[in-house]
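What follows is a short report on a single structure.
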Amino acid sequence: MYHDHTPQRAVEVHHPTPIPPPVVHPTPVVPVQPGTVPTVASIVLPDGRVVTGYAIDHPQPQPLAAKPPVSRAAVNVALGGVGFLAVCGGLLLLTSFIAALTAFIGQLIILAAVVFGGWIAVQVLSGSGHKGGTTVNIRRAVFKRNHFHG
9 MYHDHTPQRA
19 VEVHHPTPIP
29 PPVVHPTPVV
39 PVQPGTVPTV
49 ASIVLPDGRV
59 VTGYAIDHPQ
69 PQPLAAKPPV
79 SRAAVNVALG
89 GVGFLAVCGG
99 LLLLTSFIAA
109 LTAFIGQLII
119 LAAVVFGGWI
129 AVQVLSGSGH
139 KGGTTVNIRR
149 AVFKRNHFHG
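Here our numbering is used: the first residue of the sequence shown is 9, the next is one more, and so on.
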């Protein structure tokens, strides 16, 4: 028969070290106002243990004071005021533009009258001193039986 001559190992056995129970410190006593007893809540953990304790009420923030809604009339009045200001500004610009255009056209008319009047005056005044034109002598004429006697 065949024998294995390798040395055999000794089997080691490990025993778990027990965990000491937690040290329980006495909890401070919370002063409770007379007449109010806090509610007790129990929770079952996934491993089957039950934890019981007082339920803590978290302080709720106070709700903000409700603002009164803005009325539609106030919004309409505000929008109307903005529109009125826009229209007034536009009308002011339009009125200024029309006044400027009217003044410009009036000045053009006056300029044309001065230039045309000056041209007519030059023609009239230069015609009386001019000697090279046709001279017409008007005499007393006698009309007899549709004949001109001059």
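Backbone N, C-alpha and C fix where the C-beta goes; we use that ideal spot for every residue, glycine too. This structure is a prediction, so every number in the text was calculated from the model and none was measured.
- By DSSP's assignment, residue 49 forms a beta bridge with 61.
- In the three-state scheme derived from DSSP, where H, G and I count as helix and E and B as strand, residue 122 is classed as helix.
- Shown here, residue 131 sits in a helix according to DSSP, grouped into three states.
- The Cβ-Cβ distance between residue 48 and residue 60 falls below 8 Å.
- Per DSSP, reduced to three states, the secondary structure at residue 115 is helical.
- A straight line joining the alpha-carbon of residue 33 with that of residue 55 spans about 24 Å.
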